[in-house]
Structures are given as structure tokens and as C-alpha cells.
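K.L.:
Numbering (the numbering used here), first residue to last: 4 to 338. My questions all concern the structure below.
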Amino acid sequence: MSTPRFIVVWIAIFLFHLGSFVSTSEAMPAKKYVGQRISLDFQNAEITSVLRLISEVSKLNIVTSGRVGGRITIKLQDVPWDQALDVILRTSGLGKVQEGNIIRIAPTDVLVREELARLSQERAVDTQVPLTIELIHVNYADAKDLQSQVAAILSERGVVRVDTRTNVLIVKDTPDKVTAAANLVESLDTQTPQILIEARIVEASENASRAFGIQWGGAYVADPALGTGTGVGFPSSVAVFGAQPGNFAVNLPVAAGTGQGGSMAFSLRSISDSLSIDLILSAFESDGHGKILSNPRIMALDNEAASIETVIQIPVTTISAGAVGAVATIGEQFQ
């Protein structure tokens with residue numbers, strides 16, 4: 004009985020910090036392959052032996068089916084171990100399924116059949132779940148606009164209809180799908196921002212007027228007698244007023260007084276009377292003869308076009324001639 008012969012291969016494993024690696028244009032995106040970088044050089048080696056080496060480098064458990072076998076010749080230089088694994092599997096017609104820290108490797112056709120069987124089993128289970136009906140009220144959006152989005156998340160047995168009179172979605176499906184549809188509608192059914200735009204068209208005479216005024220006044224006195232001396236030169240005092248003591252530094256008054264508009268004033272002073280600030284706000288309005296011609300208003304929604312139209316109808320006299328000898332009819336039409 005002959006003993007198996009092993010081919011001695013050279014294996015060099017290079018460990019690099021991902022931050023120091025500069026990818027080239029041929030490299031795969033870093034977000035897909037993030038394993039430690041290795042170099043492999045095998046000639047006619049058993050695939051299971053290569054997979055065992057990758058398992059040691061990745062610190063993951065690799066389980067192979069009985070149909071995984073054969074030999075492979077491969078030379079890879081400085082590549083992530085997960086990229087090397089994908090290349091080996093594609094070359095050998097194999098696939099993988101990872102669950103936690105376990106990677107199961109089998110022929111691709113076997114994995115496809117298993118996935119189809121799993122989906123078929125899930126559908127069989129779904130057909131055994133009783134259906135339920137729920138009415139989902141839509142408060143802000145149009146229920147018709149949400150119908151297609153809700154239908155996209157339902158199962159093959161699910162159906163959604165719209166009651167336009169009450170703006171309600173009628174959803175029929177398994178309980179978990181109905182709950183998912185209700186959560187989706189709650190997320191999408193939000194109030195659209197809106198604004199009220201109002202205008203007034205007024206016909207007024209020339210003597211109509213309106214005015215607002217403000218008067219700022221104040222004084223600042225630095226004097227040793229008040230305990231606020233400057234300490235710079237004799238007599239260590241300084242005073243700041245308006246144009247004249249007691250006047251307002253900013254003077255924009257209006258003709259407001261008793262029976263004509265109104266005003267409000269306040270004053271701020273220090274105890275030593277070294278600082279004082281005065282303010283007078285006044286308003287005056289004189290109304291002449293006038294009238295409001297129209298008061299158009301509109302409520303506009305966000306991302307929705309809106310328009311206001313002011314229409315004047317003018318009566319036009321019309322004459323309708325009858326048959327010979329009949330009296331003509333005179334009427335008015337507004338245009």
C-alpha cells in the first residue's frame with residue numbers, strides 16, 4: 004500500500020494594518036474584502052488543505068460537504084483572505100453560506116437547491132397562516148398615493164384597496180404583513196406644511212396717511228460729586244447729552260398727541276443720576292375716504308402650485324330678435 008505523497012509548498016503570510024494599505028485600481032473595494040492579507044503559492048494541492056489554511060488565518064470554522072474535493076493550482080500575492088476564498092470557490096464551482104463564525108462550503112447547485120427549498124417552505128408556512136383585515140386611516144396624504152407603496156410590502160396573498168369616500172386603506176394579509184403596512188402608512192402620512200396668503204386691494208383718497216416715530220434720548224455724567232469721577236485730569240468729569248442738555252440724541256417724531264395717534268415712553272436712570280436713557284415710541288394714522296375693493300386669500304401647500312384670480316364682471320346688453328313681427332328681447336349678460 005503506497006503512502007500518500009505531499010507536495011511541499013512555500014507559504015508566506017503577510018499581516019498588514021488596513022490603514023497602511025494603499026489600494027490599486029485592480030483591487031476590490033475595501034468595504035467588501037477586509038480580511039488579513041496573505042500570499043498563497045500552491046501547485047496541484049488539495050482544496051480541503053487550502054481551505055484549512057484559510058480557516059486558521061481567518062479564525063473562522065469552515066465546514067465542507069462530502070462533494071467538496073479536487074486539486075487546485077493557485078498563486079496569489081498580498082490579497083485579503085476573504086477575497087482569496089472567493090476566488091478559490093468560484094474556480095472550483097463551489098459556494099459558501101456564513102452563519103456567525105461558521106462558513107459552510109458546498110457545490111453551487113447544492114446551495115441553490117437548498118435556498119429554493121427554504122423559500123418554498125416559507126411560502127408553505129405562509130399559506131397556513133390565516134389572513135386578517137385592517138382599516139388604515141390616512142389623515143393627511145391621499146390614500147391612493149400610498150396604495151402602491153403598501154402593496155409592495157405585502158405577501159403574494161395580500162391585497163390592498165382604497166375607499167376614496169373615507170380616505171381609508173383596506174389591507175388584507177397575514178398579521179405581520181398588516182402590521183408592517185400600518186407602520187409604513189404611519190411613517191408616510193405626515194402633515195404637509197402650508198401657508199395662508201392674504202391680500203387687500205384698497206381704493207383710498209390722497210389724504211390718507213400713516214406714520215410711526217421713535218425718539219431716543221439720554222445723558223451720561225461722570226462727576227466726582229456723584230462718585231463717578233473719571234480720574235483723568237481736573238475736574239475728572241465728563242458729560243454726554245443730545246444737541247442740548249435734555250434733548251433727544253435721536254429725534255424721529257411724528258405728529259402724535261391727544262386725539263391724534265398715541266405714544267409710549269419709558270426712562271432708565273441710575274441712582275446717582277449719572278446715567279439716563281429715554282425712549283418714546285409714537286404712532287399716528289389719518290384715514291381718508293376709501294373702500295376695500297377685494298380681499299383675496301388662498302391656502303397654499305408645500306410643493307403645490309397655487310394662484311389667486313380677481314375677476315370683474317361687466318354687464319353687456321344683448322338683443323335677441325325673434326320671428327318676423329315678434330317683439331325683440333333685451334337682456335344683460337355679465338362678461
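Backbone N, C-alpha and C define an ideal beta-carbon position, used for all residues, glycine too. Computed from a prediction, not measured in an experiment: that's the story for all the values here.
Give me whichever residues DSSP pairs with I301 in a beta bridge.
P.N.:
Your numbering for residue 301 matches position 298 in the sequence shown. DSSP output for I301 lists I200 as bridge partner(s).
K.L.:
Please say whether S61 and L92 have beta carbons closer to each other than 9 Å?
P.N.:
Here residue 92 corresponds to residue number 89 of the sequence shown, with the count starting at 1. Here residue 61 corresponds to residue number 58 of the sequence shown, with the count starting at 1. Not in contact: L92 and S61 (Cβ atoms no closer than 9 Å).
K.L.:
When the Cα of I317 is compared with those of Q336, A155 and V100, which residue comes out closest?
P.N.:
Position 314 of the sequence shown, counted from the start, is the residue given in the question as residue 317. The option with the nearest alpha carbon to I317 is Q336.
K.L.:
Assign L97 to one of three DSSP states: helix, strand, or coil.
P.N.:
Locating residue 97 in the sequence shown gives position 94, where the first residue counts as 1. Strand.
K.L.:
Closest to D44 by C-alpha separation, out of L79, L63 and I57, would be which residue?
P.N.:
Residue numbering aside, residue 44 sits at position 41 when the sequence shown is read from its first letter. Among L79, L63 and I57, the Cα nearest to that of D44 belongs to L79.
K.L.:
Report the residue from E49, P110, N47 and Q86 whose alpha carbon sits nearest the alpha carbon of R40.
P.N.:
On the sequence shown, residue 40 is found 37 positions in, with the first residue counted as 1. Of E49, P110, N47 and Q86, the residue nearest in Cα terms is Q86.
K.L.:
Between V128 and E117, what straight-line distance do the alpha-carbon atoms span, to the nearest angstrom?
P.N.:
Position 125 of the sequence shown holds residue 128. Position 114 of the sequence shown holds residue 117. C-alpha separation (whole angstroms): 16 Å.
K.L.:
For A109, does the count of other Cβ atoms within 10 angstroms reach 16, so buried, or fall short, so exposed?
P.N.:
Against the sequence shown, residue 109 aligns to sequence position 106. Buried: at least 16 other Cβ atoms inside 10 Å.
K.L.:
Considering Cα atoms alone, identify which of L149, G161 and I200 is closest to T193.
P.N.:
For the purposes of this step, residue 193 is taken as the residue at position 190 of the sequence shown. Nearest C-alpha to T193: L149.
K.L.:
Report, in whole angstroms, the separation of the C-beta atoms of K175 and I139, which I expect to be a contact under 8 Å.
P.N.:
Taking the sequence shown and counting its residues from 1, one reaches residue 175 at position 172. Taking the sequence shown and counting its residues from 1, one reaches residue 139 at position 136. About 11 Å separates the two Cβ atoms, so there is no contact after all.
K.L.:
Am I right that I204 and R300 are in contact with their C-beta atoms under 8 Å? What's the rounded C-beta distance?
P.N.:
Position 201 of the sequence shown, counted from the first residue, corresponds to residue 204. Position 297 of the sequence shown, counted from the first residue, corresponds to residue 300. With 8 Å as the limit, I204 and R300 do not qualify as a contact, their Cβ atoms being about 12 Å apart.
K.L.:
To which residues of the same chain is K180 closer than 6 Å at the C-beta, ignoring the five residues directly before and after it?
P.N.:
Mapped onto the sequence shown, residue 180 falls at position 177. Taken in chain order, the residues that qualify are L157, S158 and G161.
K.L.:
For K35 and R107, what's the separation of their Cα atoms in angstroms?
P.N.:
Within the sequence shown, numbered from 1, the residue matching residue 35 stands at position 32. Within the sequence shown, numbered from 1, the residue matching residue 107 stands at position 104. Between K35 and R107, the C-alpha separation is close to 19 Å.
K.L.:
State the start and end residues of the unbroken alpha helix (DSSP H) segment that holds P178.
P.N.:
If you number the sequence shown from 1, residue 178 lands on position 175. Per DSSP, P178 belongs to the alpha helix (DSSP H) from P178 to L191.
K.L.:
Please report the residue range of the beta strand (DSSP E) in which A109 lies.
P.N.:
Mapped onto the sequence shown, residue 109 falls at position 106. A109 -> beta strand (DSSP E) spans I105 to P110.
K.L.:
Quick one: grab the DSSP three-state call for D81.
P.N.:
Position 78 of the sequence shown holds residue 81. Residue state, collapsed to three classes: strand.
K.L.:
Pick from I105, R74 and V100: whose alpha carbon is nearest that of G112?
P.N.:
As a first step, residue 112 is located in the sequence shown; it is residue number 109 there, counting from the start. It should be pointed out that residue 112 corresponds to Asp in this sequence rather than to Gly. Closest option to D112, Cα to Cα, is V100.
K.L.:
Where does A48 fall in DSSP's three states?
P.N.:
The residue you call residue 48 lines up with position 45 of the sequence shown. A48: strand per DSSP, three-state reduction.
K.L.:
Between the Cα of V141 and those of E312, A184 and G72, spot the shortest distance and give me the residue it belongs to.
P.N.:
Counting from 1 along the sequence shown, the entry for residue 141 is found at position 138. Closest by alpha carbon: A184.
K.L.:
I need the DSSP call for D166, collapsed to helix, strand or coil.
P.N.:
The sequence position of residue 166 within the sequence shown is 163, counting from 1. Correct three-state label for D166: strand.
K.L.:
At the level of alpha carbons, what is the spacing between I65 and L122?
P.N.:
Working through the sequence shown from its first residue, we reach residue 65 at position 62. Working through the sequence shown from its first residue, we reach residue 122 at position 119. Those two C-alpha atoms are separated by around 25 Å.
K.L.:
Are the CB atoms of T94 and G72 nearer to each other than 9 Å?
P.N.:
One-based indexing of the sequence shown puts residue 94 at position 91. One-based indexing of the sequence shown puts residue 72 at position 69. No, these two residues do not count as a Cβ contact at 9 Å.
K.L.:
With DSSP as the reference, label R70 as helix, strand or coil.
P.N.:
Numbered from its first residue, the sequence shown carries residue 70 at position 67. Note: R70 maps to coil in three-state DSSP.
K.L.:
Indicate, with yes or no, if the ligand SAH has a heavy atom lying under 8 Å from the CB of V153.
P.N.:
The model on display carries no ligand, and the ligand SAH is accordingly not part of it.
K.L.:
If V163 sits next to V171, beta carbons under 8 Å apart, how far is it from one beta carbon to the other, in whole angstroms?
P.N.:
Start at 1 with the first residue of the sequence shown, and residue 163 comes out as number 160. Start at 1 with the first residue of the sequence shown, and residue 171 comes out as number 168. V163 to V171, Cβ: 11 Å. No contact.
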